[in-house]
Structures are given as C-alpha cells and as structure tokens.
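Asks: Below is a structure I'd like to ask you about.
There are 2 protein chains.
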Amino acid sequence: MKRFALNSATTKRWPLPELVAGCVDAGVPGVGLWREDLAAYGVDNAAALVREAGLAVTSLCRGGFFDAPGWLEENRRAIDEAAAVGAPVLVLVSGGLPAGSRDLDAARAHVGEAIGALVPHAQAAGVRLAVEPLHPMFCSDRCVVASLGQALDLADPYPPEAVGVVIDTYHLWWDDQVWTQIARAGRENRIACFQVADWVTPLPAGVLLGRGLPGTGCVELRRFREAVDAAGYAGPVEVEVFAEQVWARPGRAVLDEAIAGYLTHVA
Amino acid sequence: MKRFALNSATTKRWPLPELVAGCVDAGVPGVGLWREDLAAYGVDNAAALVREAGLAVTSLCRGGFFDAPGWLEENRRAIDEAAAVGAPVLVLVSGGLPAGSRDLDAARAHVGEAIGALVPHAQAAGVRLAVEPLHPMFCSDRCVVASLGQALDLADPYPPEAVGVVIDTYHLWWDDQVWTQIARAGRENRIACFQVADWVTPLPAGVLLGRGLPGTGCVELRRFREAVDAAGYAGPVEVEVFAEQVWARPGRAVLDEAIAGYLTHVA
C-alpha cells in the first residue's frame with residue numbers, strides 16, 4: 001500500500017474531511033487533490049486537514065487549458081495552490097482547439113510556449129509541471145496533447161525537474177508506441193505522475209465519465225506499472241476514475257474497491 | 001467532381017436504387033458500398049444496378065472482425081462479394097479485443113496473421129485488402145489497429161498490390177505522426193482508399209455515430225487530401241459519415257451537402 005494514492009476525483013462527492021478520514025482509516029498514504037477541493041474548503045484549511053492527517057498530497061489537478069482567456073494568471077494561481085498544499089506536481093491538461101479553429105499544429109505550438117511561460121514561476125514555487133497526454137477522443141475539446149511521445153516532445157526544451165509528464169493508463173493504453181515512450185520518459189527523467197484507470201465500454205455521451213476502477217476493464221495495468229518502474233519511477237500510483245456510477249456510490253466503498261483493484265491488478 | 005464518391009453509409013436509409021439514381025443525377029462518379037447493401041438487394045442485382053448506371057464502385061465495406069468466430073470464411077465471402085460488385089478494394093476493420101482479454105499485442109499479432117491468411121484468396125479474386133486504422137476510442141471493441149503507422153506495419157509483410165491501407169480523416173486527424181506516415185504510405189505504395197469525415201463534439205453515447213459532414217467540424221480536410229495527393233494517391237475521395245442526425249435527413253439533401261462540403265473543404 002505504500003505507493004497507493006486516491007485521486008479525489010474518483011470519489012467526487014465524498015467531502016474532503018470524510019475522504020481524509022477514510023484514507024487514514026484504510027491505510028492510504030497519499031491523495032491527489034483537485035483545485036475544486038481547495039476552493040471548497042480554502043487552500044490553507046485543506047492543506048492543514050491533509051497535513052494533520054499525515055497524508056501526502058501526491059499531485060494537484062489541474063492547470064492548463066491554455067486556450068482559455070486569462071490562462072497565464074490562472075495557471076500561476078494553480079502553481080501557488082500546489083505549493084501551498086504541498087503538492088510536488090501540478091498536472092497540466094492543455095485544452096483543445098480554440099473555438100472555430102482547425103489549426104492543430106498552432107494549438108500544439110501554443111501549448112509549448114505556454115509551458116515555457118510557466119516554468120520560472122513553477123521553479124520559484126518548487127512545483128513540477130506535468131504535461132498530461134489525454135486520449136485522442138479528447139483532442140478537439142479538452143487536450144491537444146494526444147500521445148506520450150508528443151508530451152515528451154513538448155517537455156523537451158525545459159529542465160526535467162521543472163517539466164515532466166503524466167502517464168495515465170486510461171489515456172495511453174491503446175498506443176503501440178507507449179512502451180518505447182515510457183522507456184524514453186524514464187531515460188529523460190520526465191515521469192512526474194502515474195495515474196491508473198481502466199477502459200470500459202460502451203462510452204457514455206460526452207465520453208468524459210466512462211472510466212472504470214482498476215480491474216474492471218481491458219487495460220494491462222500491471223504491465224504499465226512494471227514499465228514505469230523499469231523506467232526508474234518509484235513514486236505514487238494514483239487511482240483516478242471519473243464515472244457517474246462510481247460517484248453515485250459511498251466514498252468508502254469506492255475507496256475499498258480501488259484498493260482491492262490496485263492490489264490485484266496493479267501492485 | 002471526378003474524384004468524389006459517396007459512401008453509402010452516409011445515407012444509410014436511402015434505398016440503393018434511389019441512391020444510385022441520385023448519384024447519377026448529381027454527377028457523382030463513384031460509390032462506396034457496404035455488404036449490407038449487397039445483402040439487401042442481392043450481390044448480382046446490386047452490381048448490375050450500379051454498373052448499368054455507369055457508377056464506379058470505389059470500395060466495399062467491410063471485412064475484418066478477426067476476433068469473431070468464422071472470420072476466415074466470412075472474409076473470403078467478403079472478398080468474393082467485392083470482386084462480384086467490381087470493388088477494387090475491400091476495407092478491413094480488424095475487430096477489438098476478444099471478450100475478457102487484455103492482451104492487445106496478441107490481438108494485433110492475430111490481425112497480422114489473419115491478413116496473411118486472406119492474401120492468396122484476395123489476389124486470386126483481384127481484390128486489394130485495405131487495413132483501416134480506426135480512432136483509438138474504438139480500440140477495445142471495434143479495431144485494435146489504432147494508427148496509420150500500425151496499419152502500415154501490419155501491411156508490410158505483404159505485396160502492396162495485395163494489401164494497402166485506408167486513410168480516413170475522422171480516425172487519424174489527431175495524430176501528430178500522420179503526415180509522416182501518409183508520406184510513408186505513399187512511398188510504400190499502400191494508399192488503397194481515402195475517406196473523409198469531420199470531427200464534431202460532443203460525442204454521442206457509444207461514439208460510433210458522432211461524425212460530421214465535411215466542413216462541419218475541426219479536421220484539416222484539405223491538408224489531408226493534399227497530403228495523400230503528394231504521396232502519389234490519385235484515387236477517389238469517399239465521403240463516409242455515420243451520424244443519426246444525418247441519417248434522419250433525405251438522402252439527396254445529404255448528398256448535396258456532402259458534395260458542397262467536399263468542394264469547399266476538400267477538393
């Protein structure tokens with residue numbers, strides 16, 4: 001259990017104080033938080049709550065959305081929040097194409113520039129930026145970064161201690177290049193975060209909330225964990241599942257199933 | 001208009017005789033057919049109908065689904081039907097993971113072997129097999145071939161006149177490697193079929209029926225057409241859109257909009 005972490009999006013409707021108490025009770029050492037958690041309880045309160053419970057904050061979701069007005073200031077705030085809550089990593093989801101645009105190359109180039117614009121602030125705050133490639137089904141409206149290779153290319157101009165990548169099994173499992181790219185990510189010292197969810201079908205409308213808890217789908221989760229380990233990653237393994245039918249259940253029951261799935265299919 | 005072709009799936013509820021008459025009236029030179037069209041009218045009747053109207057059959061959809069029982073015989077029948085209807089190309093959609101399996105590498109290896117098993121029959125029938133990579137959102141349940149590079153790797157062991165690939169804008173637009181791979185496909189003489197649809201969101205439940213007519217979405221359609229042309233492809237451009245709201249409209253109205261979108265955004 002020492003690497004297991006619960007990403008709070010998995011139990012979206014579990015209030016943070018209950019989530020923290022539940023994690024402590026279940027022997028969970030770390031939690032991945034969302035900015036929404038911090039907004040709901042106040043950054044300092046949330047930070048104190050987690051710290052006093054002895055939990056590590058493994059990551060903060062999320063910055064990015066570089067296609068939105070005010071992205072620079074918003075991302076600086078996200079970096080500050082990550083620092084305040086003790087998260088070593090801020091996950092960046094790039095955003096999609098600007099409204100009406102078909103220029104994917106330009107959108108991707110802008111992401112690279114936006115990351116560069118954030119690096120000094122992130123370094124000063126002691127927060128590592130982590131570029132997350134999302135599944136290509138999100139390419140137009142959520143994240144133009146659609147493969148691990150592409151995320152590594154975007155990170156490449158910046159020091160690895162400032163900019164890493166997120167490896168999320170849900171987004172990357174279909175890619176026949178992913179094993180090569182995980183090895184590359186290790187060599188280049190870029191693996192900042194490892195998240196686990198399973199792929200289940202049919203996908204729901206909008207496709208955002210179609211993930212499965214570990215073991216309920218078709219992803220070779222253990223192979224991913226072994227691959228990131230072989231690439232030199234020894235950090236937390238966050239279970240991060242967005243699914244309406246998971247959110248509808250009691251947080252503790254979901255946590256217990258996430259732990260069981262992790263132990264059986266990932267660890 | 002000389003390269004435009006209507007794939008009959010775009011006007012799924014337009015009976016074949018009306019579709020053929022509508023295409024002739026609109027000056028459309030070619031149609032891509034489905035095995036369902038042939039089953040509904042009889043292979044010989046359908047072939048005569050199209051031939052007597054002076055239309056070319058640009059492709060037959062589809063073979064593949066190599067995870068299904070009886071796939072070998074079923075695909076031999078599909079090849080025979082393609083030959084009977086005068087389709088130079090049989091589109092292959094590989095099928096997904098076998099039920100309960102997580103072994104994507106094995107499923108992909110089986111696809112390669114299955115293609116090999118079909119090559120002699122296809123060559124004897126004068127039908128070119130065309131491996132179609134589908135969007136990665138279909139990887140588990142419809143097509144384990146998820147990128148153009150992968151399709152080309154699968155085709156590689158076989159002569160290019162026997163096994164080519166399908167380049168479909170809907171499935172490939174997100175891939176930052178696609179331009180390189182289109183050039184490779186040209187060098188390796190593998191471009192057997194070029195299909196056009198646009199990407200629109202939000203995706204519907206099940207994600208199969210979410211395509212847009214050319215110009216309604218965010219894909220750089222002309223860039224794709226120019227890229228396949230630059231790679232040496234001079235064949236038909238099939239408009240192939242699956243969408244409930246398109247199917248609900250009169251066939252002729254959809255055809256006219258497909259032509260207009262093609263002329264404005266592709267040609």
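Line by line, the protein sequences give chains A and B. If you're matching positions, the first sequence starts at 1 in full-length UniProt numbering and goes up one per residue. If you're matching positions, the second sequence starts at 1 in full-length UniProt numbering and goes up one per residue. Heads up, the beta-carbon is just placed ideally off N, CA and C, and yes, glycines get one too. Just so you know, these numbers come straight off a predicted model, no measurement behind them.
(1) Establish whether the CB of W199/B and some CB of chain A are separated by less than 8 Å.
(2) Against chain A, with Cβ distances strictly below 8 Å, would G206/B count as a contact?
(3) Against chain A, does P133/B count as a neighbour if the rule is that its beta carbon must be under 8 Å from one of theirs?
(4) So, under 8 Å CB-CB, P236/B and G30/B are touching, yes? Tell me the CB distance rounded to an integer number of Å.
(5) Between R102/B and chain A, is the shortest Cβ-Cβ distance under 8 Å, so that the two count as touching?
(6) Classify T11/B as helix, strand or coil using the three-state DSSP reduction.
(7) On a CA-only basis, which of T10/A, C218/A, A231/A is nearest D105/B? Give me that one, please.
(8) Answer with buried or exposed for residue 309/A, where buried requires no fewer than 16 other C-beta atoms within 10 angstroms of its C-beta.
(9) Name, please, each residue of chain B whose Cβ falls closer than 8 Å to the Cβ of M150/A.
(10) Note down, in chain order, each residue of its chain lying with its Cβ closer than 6 Å to the Cβ of G232/A, except the 5 sequence neighbours on either side.
(11) Is D256/B close to chain A, meaning its C-beta is less than 8 Å from at least one C-beta of that chain?
(12) Is the region 193-208 of chain A touching the region 123-135 of chain B, taking contact as three or more C-beta pairs under 8 Å?
(13) Throw me the rounded Cβ distance for the E81/B and V28/B pair, which I believe falls under 8 Å.
(14) Could you say which of I115/B, R252/B, D25/B lies nearest to L55/B if we only look at CA atoms?
(15) Under 8 Å, CB to CB, which of the residues in the region 226-248 of chain A have a partner in chain B?
(16) According to DSSP, simplified to helix, strand and coil, what is P188/A?
(17) Mind checking if E220/A is an interface residue toward chain B, Cβ cutoff 8 Å exclusive?
(18) Who are residue 268/A's beta bridge partners in DSSP?
(19) Just list the alpha helix (DSSP H) runs in the region 94-160 of chain B, keeping only unbroken ones of 4 residues or longer that don't cross its boundaries, in chain order.
(20) Distance, Cα to Cα, T11/B vs H171/B?
(21) Contact defined as beta carbons within less than 8 Å: I believe G164/B pairs with R128/B. What is the distance between those atoms, to the nearest angstrom?
(22) Rounding to the nearest angstrom, what Cα-Cα distance links R77/A and A87/A in this structure?
(23) For a quick check, are the C-beta atoms of residue 304/A and V145/A less than 8 Å apart?
(24) By how many angstroms is the C-alpha of Y262/B removed from the C-alpha of I259/A?
(25) With DSSP collapsed to three states, give me the class of R252/A.
(26) Please list, in chain order, the residues of the region 155-181 of chain B that have any C-beta partner in chain A closer than 9 Å.
(27) Check whether the Cβ of L203/B lies closer than 8 Å to any Cβ atom in chain A.
(28) Taking just the CA atoms, how far does V93/B sit from F65/B?
(29) Using 10 angstroms around the beta-carbon of R13/B, count the other beta-carbons present and answer buried if the total reaches 16, otherwise exposed.
(30) Going by other Cβ atoms of all chains shown within 10 Å of its Cβ, with 16 needed for buried, is G126/B buried or exposed?
(31) Check whether the Cβ atoms of V85/A and L152/A sit closer than 8 Å, and answer yes or no.
(32) Could you give the DSSP three-state label for H173/A: helix, strand or coil?
(33) Using a Cβ cut-off of 8 Å (strictly closer), state whether A146/A contacts chain B.
(34) Using the rule of at least 16 other Cβ atoms within 10 Å of the residue's Cβ for burial, across every protein chain shown, is V96/B buried or exposed?
(35) Can you check DSSP and say which residues form a bridge with R76/B?
(36) Alpha carbon to alpha carbon, what distance is there between G206/B and P15/B?
Replies: With the structure as the only source:
(1) On the second sequence, residue 199/B is found 199 positions in, with the first residue counted as 1. Output row for W199/B: interface = yes.
(2) Translated into positions along the second sequence, residue 206/B becomes position 206. It does: the Cβ of G206/B has a partner Cβ on chain A nearer than 8 Å.
(3) Indexing the second sequence from 1 puts residue 133/B at position 133. No - not a single Cβ of chain A is within 8 Å of the one on P133/B.
(4) Walking along the second sequence from the start, residue 236/B turns up at place 236. Walking along the second sequence from the start, residue 30/B turns up at place 30. About 5 Å separates the two Cβ atoms, so the contact holds.
(5) Here residue 102/B refers to the residue found at position 102 when the second sequence is read from its first residue. Yes, contact with chain A.
(6) To locate residue 11/B, count along the second sequence from 1; it is residue 11. T11/B: helix per DSSP, three-state reduction.
(7) Residue mapping note: residue 105/B aligns to position 105 of the second sequence, counting from 1. If we check each option's Cα against that of D105/B, C218/A comes out closest.
(8) A query on residue 309/A cannot be resolved here, the shown segment of chain A reaching from 1 to 267 and no further.
(9) Walking along the first sequence from the start, residue 150/A turns up at place 150. It should be pointed out that residue 150/A corresponds to Gln in this sequence rather than to Met. Result: D176.
(10) Taking the first sequence and counting its residues from 1, the one referred to as residue 232/A is at position 232. For G232/A, where only same-chain residues beyond five positions count, the Cβ hits under 6 Å are G186.
(11) Locating residue 256/B in the second sequence gives position 256, where the first residue counts as 1. So no, D256/B is outside the interface.
(12) no
(13) The residue you call residue 81/B lines up with position 81 of the second sequence. The residue you call residue 28/B lines up with position 28 of the second sequence. The Cβ separation is near 22 Å, so there is no contact.
(14) Position 55 of the second sequence, counting from 1, holds the residue named residue 55/B. When each option's Cα is compared against that of L55/B, the closest is D25/B.
(15) none
(16) Along the first sequence, read from residue 1 onward, the residue named residue 188/A stands at position 188. Residue identity differs from the one stated: residue 188/A is Glu in this sequence, not Pro. In this structure, E188/A counts as coil in the three-state DSSP scheme.
(17) Here residue 220/A corresponds to residue number 220 of the first sequence, with the count starting at 1. At least one chain B Cβ lies under 8 Å of E220/A.
(18) Residue 268/A cannot be examined here, being either before or after the span of chain A that is shown, 1 to 267.
(19) 104-125, 148-155
(20) Here residue 11/B is taken as the residue at index 11 of the second sequence, counted from 1. Here residue 171/B is taken as the residue at index 171 of the second sequence, counted from 1. So the alpha carbons of these two residues sit roughly 19 Å apart.
(21) Along the second sequence, read from residue 1 onward, the residue named residue 164/B stands at position 164. Along the second sequence, read from residue 1 onward, the residue named residue 128/B stands at position 128. Contact holds; Cβ gap of about 6 Å.
(22) As a first step, residue 77/A is located in the first sequence; it is residue number 77 there, counting from the start. As a first step, residue 87/A is located in the first sequence; it is residue number 87 there, counting from the start. Computed Cα separation, rounded: 14 Å.
(23) In the structure displayed, chain A extends from 1 to 267; residue 304/A sits before or after that span and is not available.
(24) Residue 259/A sits at position 259 when you count from the first residue of the first sequence. Residue 262/B sits at position 262 when you count from the first residue of the second sequence. Their backbone Cα atoms lie some 52 Å apart in a straight line.
(25) The count along the first sequence starts at 1 and reaches residue 252/A at position 252. DSSP places R252/A in helix when its eight states are reduced to three.
(26) W173, W174, D175, D176, Q177
(27) The sequence position of residue 203/B within the second sequence is 203, counting from 1. With 8 Å as the cut-off, L203/B counts as an interface residue toward chain A.
(28) The residue given as residue 65/B occupies position 65 in the second sequence. The residue given as residue 93/B occupies position 93 in the second sequence. One C-alpha to the other measures close to 6 Å.
(29) Residue 13/B sits at position 13 when you count from the first residue of the second sequence. Label assigned to R13/B: exposed.
(30) Residue numbering aside, residue 126/B sits at position 126 when the second sequence is read from its first letter. With fewer than 16 Cβ atoms within 10 Å of its Cβ, G126/B is classed as exposed.
(31) Translated into positions along the first sequence, residue 85/A becomes position 85. Translated into positions along the first sequence, residue 152/A becomes position 152. No, they are not a contact pair.
(32) Stepping through the first sequence from its first residue, residue 173/A is reached at position 173. The question names His, yet the displayed sequence has Trp at residue 173/A. If DSSP states are grouped into helix, strand and coil, W173/A belongs with coil.
(33) Here residue 146/A refers to the residue found at position 146 of the first sequence. Answer yes: the Cβ-Cβ gap between A146/A and chain B drops below 8 Å somewhere.
(34) The sequence position of residue 96/B within the second sequence is 96, counting from 1. Looking at the sequence itself, residue 96/B is Gly, so the reference to Val does not match. G96/B is buried by the Cβ-count criterion.
(35) On the second sequence, position 76 is the one that residue 76/B refers to. In DSSP, R76/B forms no bridge with anything.
(36) Indexing the second sequence from 1 puts residue 15/B at position 15. Indexing the second sequence from 1 puts residue 206/B at position 206. Approximately 25 Å, taken between the alpha carbons.
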